[in-house]
Amino acid sequence: MDPLTIVIVVLAVLISAGIVGYVAYKRGRETGIQAERERQELAAQSAEQQAAKLLAEAEAEIRRKQLALKEEEVKLRQEIDAELTRRRRDLDRIEERLQSRQEHFEKRLDQLEARERKLNQRESRLDKRAAELAKAEEERAQMLERIAHMTEEEARAALLQEVEKKTRQEMARTIREVEAEVLEQADRRAREIVTLAIERVASEHVTEYAVSTVSLPSDEMKGRIIGRQGRNIRAIEQATGVDLVVDDTPEAILISSFDPVRREVARIALSKLVADGRIHPARIEKEVEKARQEVEQVIMEAGEQALIETNTQGLHRELQRLLGQLKFRTSYGQNQYYHSIETAHIAAVIASELHADVKTARLGGLLHDIGKAVSHEVEGPHALVGADIARRYGVNAKVVNCIASHHGEEEPQSLEAIIVAAADAISGARPGARRESLETYIKRVTALEEIGKSFEGVSQVYAIQAGREIRVLVRPDELDDLAIIQLSKEIAKKIEDNLEYPGQIRVTVIRESRAVHHAK
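First residue of the sequence shown? That's 24 in our numbering, and the numbers climb one at a time after it.
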């Protein structure tokens, strides 16, 4: 076959295959379309059924909610009806109460109107009565003027004068009553404060005497104390300024001196001499010096103890020493050391009750009698002397005024100064705290020693024998034997001119030269 025929045959085959494929395609397409249409119809039917189901459920839910809303509406209506009913009842009660109150107010108003009418009637009667009284007063005034021959102004002036006089008398009586009441209350309050202070302090009082006793192991020791021709007893008396009384008292010897410091020094020295057994002038002087040092130590310790007991710090050491020295001083028989501590406590308690400065009052009470520690050396009232000492050692000005004013030498400048003066009086006013005779005795023997010290050439002066004798030690290089005779006469003459005393006073002037050397 020629190629053209082959080509035609191939084309014819291809065309036949294409026609067959097309026909098959068309048939397949129509079949798919039909199946899709059927599938879509089935889906539509299913959607319609589901939609109908959902619609039915929605309608059922709507009906259920409508029923719930209706039930809630019914419930709310019932609650609202109940609330309205309750409020109506409350309004009814309020209305009834208001109605009752209104009726009550109307009754009160009627009563007030009736009372007002009565008051108006009474006022009209009073006005009428006042007019009648005014007329009667005018007639009375005219009658009084005719009788007294005085005008109304003159009568008014006389009446006012009489009323003023009566009023002044009543005012004066009232003032006196008020003053008496205030004084009574103040006195009662003061007594309460003072009583409280005394109860809270309540310290003991020690009555000092002018005699100390030294116990002896045997009466044979008395002879050794006296010594050969009395040299030992004279050495003790001259070294200490005391008077040793050796009498019939068994196993005891008395030390007599108005100065408690000297008496304590003599007691310590004599006790050590008795315990040691070696008694001679040189030993006596050595023990007396040691005793003085011991007493000085006791004085310092007593001063420190006073500061501890009163809770006081920061005082100068010299003030502490002077406080301790008061332990050996007495006033009217009252130990000044314990008196000062007690006064500090009482002043602090009173200051606390009166809301004053407790620290100032306490320190003022502690130092108020510090001048008595140097009363033998310094002239003047002990209050002013003590104030000068405190000022010299840097004590606060308020405390210095407390010291200076507690006996009235200066005016008190603070409440604390008045408190210190009151505390001092309280401490000294207790029964048995003081004895006037001892104070008088101490002043007399002190004056005796001061007179003896006022002359030139005198080294030491001791008043002994309870003030019935004064012993004067002179410096031998300044006065000779003839001069001491004249000195004794002058001292006796000055004592006669300046002092008052019972009996007589013996003046003994001693001029003694000593030469001491040590063998080595």
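Even glycine gets a Cβ: it sits at the ideal position worked out from N, Cα and C.
Keep in mind the model is a prediction, meaning the values are calculated, not measured.
Ordered along the chain, which non-local residues of its own chain (more than five positions away) have a Cβ less than 8 angstroms from that of residue i?
i      : result
Thr383 : Ala374, Asn419, Lys421, Val422, Cys425, Ser437 and Glu439
Pro499 : Arg534, Glu535 and Ser536
Glu308 : Ala258 and Ala262
Give me, in chain order, the residues of the same chain whose beta-carbon lies closer than 6 angstroms to that of residue i; leave out the 5 immediate sequence neighbours on both sides.
i      : result
Ala444 : His429
Ala289 : Thr263, Val265 and Ile278
Ala538 : none
Glu492 : Arg529
Gly455 : Its pLDDT being 44, under 50, Gly455 is placed unreliably in this model, and the coordinates cannot settle the point.
Gln483 : Leu496
His339 : Tyr416
Glu227 : Below a pLDDT of 50, predicted positions are generally treated as unreliable, and Glu227, at 44, falls in that range; no measurement from the model is reported.
Return yes when the C-beta of residue i is under 7 angstroms from any heavy atom of the ligand GTP, and no when it is not.
i      : result
His127 : As presented, the structure is devoid of all ligands, the ligand GTP included, so that no description of it is given.
Hey, residue i and residue j are a contact pair by Cβ (cut 8 angstroms); roughly how many whole angstroms apart?
i      : j      : result
Ile393 : Leu346 : 7 angstroms
Gly409 : His391 : 7 angstroms
Ile508 : Phe478 : Not confirmed; about 13 angstroms, so no contact.
Ile256 : Leu267 : 5 angstroms
Ile302 : Thr333 : Actually they do not touch by this definition, with Cβ atoms about 42 angstroms apart.
Leu502 : Leu510 : 7 angstroms
Ala325 : Tyr361 : Their Cβ separation, rounded to whole angstroms, is 10 angstroms, which puts Ala325 and Tyr361 out of contact at 8 angstroms.
Pro304 : Arg254 : 6 angstroms
Glu432 : Ala406 : 5 angstroms
Within the continuous alpha helix (DSSP H) that includes residue i, where are the two ends?
i      : result
Val495 : Element bounds for Val495: not the alpha helix (DSSP H) but the beta strand (DSSP E), Glu492 to Val497.
Val284 : Pro283 to Asp299
Leu349 : Counting along the chain, Leu349 falls outside any alpha helix (DSSP H), and DSSP gives it neither H nor E.
Arg537 : No alpha helix (DSSP H) holds Arg537; DSSP gives it neither H nor E.
Asp392 : Per DSSP, Asp392 belongs to no alpha helix (DSSP H) and is neither H nor E.
Gly431 : Neither: Gly431 is in no alpha helix (DSSP H) and is coded neither H nor E.
Ile373 : Gln359 to Glu376
Gly409 : His405 to Arg415
Gly250 : Looking at the DSSP string, Gly250 is not in any alpha helix (DSSP H), and its letter there is neither H nor E.
Asn334 : Segment: none, Asn334 is in no alpha helix (DSSP H) and carries neither H nor E.
Ala379 : Looking at the DSSP string, Ala379 is not in any alpha helix (DSSP H), and its letter there is neither H nor E.
Val443 : Leu438 to Gly451
Gln509 : Asp504 to Asn521
Please work out which residues of its chain come closer than 7 angstroms, Cβ to Cβ, to residue i, disregarding the five sequence neighbours upstream and downstream, and give them in chain order.
i      : result
Val481 : Gly475, Val495 and Val497
Val532 : Val495, Val497, Ile507, Leu510 and Ser511
Ala542 : none
Ala486 : Phe281, Val468, Leu471, Glu472 and Ile493
Given a cut-off of 8 angstroms on the beta-carbon distance, is the pair residue i and residue j in contact?
i      : j      : result
Ala370 : Ala446 : yes
Thr353 : Ser450 : no
Arg534 : Asp504 : yes
Leu296 : Arg285 : no
Asp299 : Glu274 : no
Lys350 : Ile322 : yes
Ala292 : Ala314 : yes
Ile276 : Val237 : yes
Val269 : Ile249 : yes
Leu389 : Thr335 : yes
Ile442 : Ala396 : no
Glu287 : Val318 : yes
Glu327 : Gln343 : yes
In the DSSP assignment, find the unbroken beta strand (DSSP E) run with residue i in it and report its ends.
i      : result
Thr236 : Val234 to Ser238
Leu267 : Asp266 to Val268
Gln483 : Val481 to Ile487
Ser279 : Ala275 to Ser279
Measure from the C-beta of residue i to each C-beta in chain C and report whether the shortest distance is under 8 angstroms.
i      : result
Glu519 : In the structure shown, chain C does not exist; there is a single protein chain.
- Of all the beta strand (DSSP E) runs that stay within the bounds of the stretch 118-154, which reach a length of 3 or more residues? none
- Query: Which runs of the alpha helix (DSSP H), 4 residues or longer, sit entirely within the stretch 27-80?
  - Reply: none
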